[in-house]
Amino acid sequence: MQLDESQKDNLTSLLIEVLNGRQIALLMLGMPLQSWSEVYVILRPIAQDLSSSSNK
3 MQLDESQKDN LTSLLIEVLN GRQIALLMLG MPLQSWSEVY VILRPIAQDL SSSSNK
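And the structure:
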């Protein structure tokens, strides 16, 4: 999958906000209110893995 710069920036922002537990930022990116718990459960481990691998 190819992402343009804007999409990459949105994905990076999304993963950072998931790591920080900030629901409001995801709502501002267009996430439905009722989706937070599912998004958090699914994306948090991915964001943690990406974060830890970039710190090596």
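Just add 2 to the spot in the sequence shown (first one is 1) and you have the working numbering. In this text, a Cβ means the ideal position worked out from N, Cα and C, and glycines have one as well.
Would you kindly work out how many angstroms separate the C-alpha atoms of residue i and residue j, rounded to a whole number?
i, j, result
"N22", "I48", "13 Å"
"Y42", "I26", "12 Å"
"N57", "Q50", "11 Å"
"L17", "L45", "7 Å"
"S55", "Q36", "30 Å"
"M30", "D11", "14 Å"
"L3", "P34", "Inspection of the sequence shows that residue 3 is occupied by Met rather than by Leu. Cα to Cα, M3 sits roughly 24 Å from P34."
"R24", "T14", "14 Å"
"E7", "V20", "20 Å"
"G32", "Q9", "13 Å"
For residue i versus residue j, is the C-beta distance shorter than 9 Å?
i, j, result
"L28", "W38", "yes"
Could you give the DSSP three-state label for residue i: helix, strand or coil?
i, result
"M30", "helix"
"Q50", "helix"
"D6", "coil"
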